[in-house]
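**Student:**
There are 2 protein chains.
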Amino acid sequence: MSDSRRPHTGRRRNEAARRAILDVAVDLLGRDDGAPVTIDSLAAAAGVGKQTIYRWWPSKGAVLLEAMAERAGTDIPVPDTGTLRGDLEAFLAATFRGAGQRLTASVLRNSMAEAQRDPHAREHMRAFVESRRRVLTGLLERARDRGEIAAGADLALMVDQVYGVLWYRVLVGHGPLGDAQAAELARALSDQAAARLGDAAG
Amino acid sequence: MSDSRRPHTGRRRNEAARRAILDVAVDLLGRDDGAPVTIDSLAAAAGVGKQTIYRWWPSKGAVLLEAMAERAGTDIPVPDTGTLRGDLEAFLAATFRGAGQRLTASVLRNSMAEAQRDPHAREHMRAFVESRRRVLTGLLERARDRGEIAAGADLALMVDQVYGVLWYRVLVGHGPLGDAQAAELARALSDQAAARLGDAAG
DNA sequence: AAGTTGTCGAGACATTCTGTCTCGGCAAGT
DNA sequence: ACTTGCCGAGACAGAATGTCTCGACAACTT
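One line per chain: the protein sequences are A and B, in this order. Using full-length UniProt numbering, you'd call the opening residue of the first sequence number 1 and step up by one each time. Using full-length UniProt numbering, you'd call the opening residue of the second sequence number 1 and step up by one each time.
Below you can see the structure in the form of structure tokens.
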């Protein structure tokens, strides 16, 4: 590692440029005018040179994905209503409401498409998805500790049902994604858990 | 319509070329070497001119989606075991097993990515998804007629829970997609239906 | 204060891909 | 025989990615 041998010399990374790039990326991704986000437009809008982007990110997809992850990681508080169904309903409502916005949905769609092509973007997508899944998994684990979910239940599959529905609707766009769907899915999942619990107890 | 006024003159469409294009498309889509499928490679591999492709399809995405739909839409029989859980287990096992194959998974991933960019591909994807959803919806409707699913249940959401998990795992690749997952999800969904049924009855 | 190192914005550049256009050849009907 | 429209092949324009080079300059060392 050159890090330990020589701390750092020369000019440091311009944080303002980094922020401008990520902010503009979200902004352009959110446009739903069909125009794809290009590196040139991104650099121009952020007021930076293209090389400044490629110096810090390996590809266009990586920039867009990081911008999206930063955006989507915020504004989803983890609720604590005391019941599985209540927690799920609050969490899913916040999540679906976020992903259902035209701007965010557009970001998600572009990022997932990019992740299928670009290995760098794919890694970032995996990391992003994993971080989101961990939050929901934690919510379910607390419910399991309270005895609302059977010990043998497949939490990963429950998580997948949530994010599966979300991505599926975002990517295909065949149905809405809002509070109604969140409430319905929260009910479905807590019903699932309750039924399995009854099985184990009986 | 010129169709009725003048039946058709001149050389007819070459069916062999059409088949070659679609077959080669599936072949190239299935490659998981990261190389994107280009029109040039497609035309070259099929031994046709580019114009022959663009004469019959509006865009690259449209070709790929049609090829994908042709491949993925087959070989999923609709079971009739007499119970919701049995039907679901059989249907999901066949569906997941198909989508879990490396080649088919690669085709699906590429196609979904294409559908995010190309409006023509997007339409085809919608149609394909709709046709698949209809089959599963039919299966659920029969269960509802038998009284295994409550009248007020949201069948569309149950369908999304299935295909959502499928697409999510195919696209992100964070977990397996096979018989075990099919069985678990079938159980979860039938439990969910049973719980809702109990609510309505009680 | 001078020197070194690495980032900055800007833009030329090669490469690749899409989709259009044109060409001579030819097959299917009249 | 003659007309019409598809065929393979490839040139072409347009757009995008990612590399490279340039002079400027900021941060840190000596």
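The beta-carbon is built from N, C-alpha and C at its ideal position, and this holds for glycine as well.
#1: Let me know the beta strand (DSSP E) ranges lying completely inside the stretch 4-64 of chain B, each 3 residues or longer, listed in chain order.
#2: In or out: valine 63 (chain B) buried (at least 16 other Cβ within 10 Å) or exposed?
#3: Hey, how far is the Cα of arginine 71 (chain A) from the Cα of leucine 92 (chain B)?
#4: For serine 106 (chain B), which option in A:Ala115, A:Gly100, A:Val172, A:Gln101 has the closest C-alpha, if you only look at C-alpha atoms?
#5: Against chain A, with Cβ distances strictly below 7 Å, would leucine 28 (chain B) count as a contact?
#6: Give the secondary structure of proline 79 (chain B) by DSSP, where H, G and I count as helix, E and B as strand, and everything else as coil.
#7: Return helix, strand or coil for glutamate 70 (chain A), following the three-state DSSP convention.
#8: Quick one: using the 10 Å Cβ neighbour count with 16 as the cut-off for buried, is leucine 141 (chain A) buried or exposed?
#9: Classify histidine 124 (chain A) as buried or exposed, calling it buried when 16 or more other Cβ atoms lie within 10 Å of its own Cβ.
#10: Per DSSP, what kind of secondary structure is glutamate 184 (chain B) in: helix, strand or coil?
#11: Are the beta-carbon atoms belonging to glycine 61 (chain B) and histidine 8 (chain B) less than 7 Å from one another?
#12: Cβ closer than 8 Å: which chain B residues qualify as neighbours of arginine 126 (chain A)?
#13: Who are the neighbours of aspartate 118 (chain B) on chain A, taking C-beta pairs under 7 Å?
#14: On the CB-based measure, 16 or more other CB atoms within 10 Å of its CB, does aspartate 40 (chain B) come out buried or exposed?
#15: Against chain B, with Cβ distances strictly below 7 Å, would aspartate 154 (chain A) count as a contact?
#16: Under the rule that 16 or more other beta-carbon atoms within 10 Å means buried, what is asparagine 110 (chain A), buried or exposed?
#17: Under 7 Å, Cβ to Cβ, is there at least one residue of chain B near glutamine 51 (chain A)?
#18: Are glutamine 161 (chain A) and glutamine 161 (chain B) close, meaning C-beta to C-beta below 7 Å?
#19: What are the start and end residues of the alpha helix (DSSP H) that includes arginine 169 (chain A)?
#20: How many angstroms separate the CA atom of valine 78 (chain A) from the CA atom of isoleucine 149 (chain A)?
#21: Check whether the stretch 152-172 of chain A touches the stretch 184-198 of chain A, taking contact to mean three or more Cβ pairs, one atom from each stretch, closer than 8 Å.
#22: Determine the DSSP secondary structure at glutamate 148 (chain A), reduced to helix, strand or coil.
#23: Against chain B, with Cβ distances strictly below 7 Å, would tyrosine 168 (chain A) count as a contact?
#24: Given a cut-off of 7 Å on the beta-carbon distance, is the pair alanine 67 (chain A) and alanine 46 (chain A) in contact?
#25: Glycine 49 (chain B): which of B:Arg18, B:Gly30, B:Gly164 sits nearest, CA to CA?
#26: Would you call threonine 104 (chain A) buried or exposed, if buried means 16 or more other Cβ atoms sit within 10 Å of its Cβ?
#27: Classify proline 176 (chain A) as helix, strand or coil using the three-state DSSP reduction.
#28: Any Cβ of chain B within less than 7 Å of the Cβ of tyrosine 54 (chain A)?
**Tutor:** Put simply:
#1: Counting whole runs of 3 or more residues, the stretch 4-64 of chain B contains no beta strand (DSSP E) stretch at all.
#2: Per the 10 Å Cβ criterion, buried.
#3: Roughly 35 Å between the two C-alpha positions.
#4: If you compare the alpha carbons of A:Ala115, A:Gly100, A:Val172, A:Gln101 with that of serine 106 (chain B), the shortest gap goes to A:Ala115.
#5: With 7 Å as the cut-off, leucine 28 (chain B) does not count as an interface residue toward chain A.
#6: If DSSP states are grouped into helix, strand and coil, proline 79 (chain B) belongs with coil.
#7: Here glutamate 70 (chain A) sits in helix by DSSP.
#8: The displayed chain sequence assigns glutamate, not leucine, to residue 141 (chain A). Under this definition glutamate 141 (chain A) is an exposed residue.
#9: Answer is buried; the Cβ neighbour count reaches 16.
#10: Three-state DSSP puts glutamate 184 (chain B) in a helix.
#11: Not a contact, by the Cβ cut-off of 7 Å.
#12: Ordered by position in chain B, the residues that pass the 8 Å Cβ test against arginine 126 (chain A) are Val172, Gly173, His174.
#13: Below the 7 Å Cβ cutoff, chain A contributes no neighbours of aspartate 118 (chain B), its closest Cβ being approximately 10 Å away.
#14: Per the 10 Å Cβ criterion, exposed.
#15: So, interface residue.
#16: If you draw a 10 Å sphere on the C-beta of asparagine 110 (chain A), you find 16 or more other C-beta atoms in it, and that means buried.
#17: Chain B places no beta carbon closer than 7 Å to that of glutamine 51 (chain A), leaving this residue out of the contacts.
#18: A contact, by the Cβ cut-off of 7 Å.
#19: That run of the alpha helix (DSSP H) goes 155-172.
#20: Those two C-alpha atoms are separated by around 18 Å.
#21: Enough Cβ pairs lie closer than 8 Å, so yes.
#22: Reduced to three states, the DSSP call for glutamate 148 (chain A) is coil.
#23: Yes, its Cβ sits closer than 7 Å to a Cβ of chain B.
#24: No.
#25: Comparing Cα-Cα distances from glycine 49 (chain B) to each of B:Arg18, B:Gly30, B:Gly164, the minimum goes to B:Arg18.
#26: A residue is called buried once 16 or more other Cβ atoms fall within 10 Å of its Cβ, and threonine 104 (chain A) is buried on that count.
#27: Proline 176 (chain A) carries a coil assignment under DSSP once its states are collapsed to helix, strand and coil.
#28: By this cut-off, tyrosine 54 (chain A) is not an interface position.
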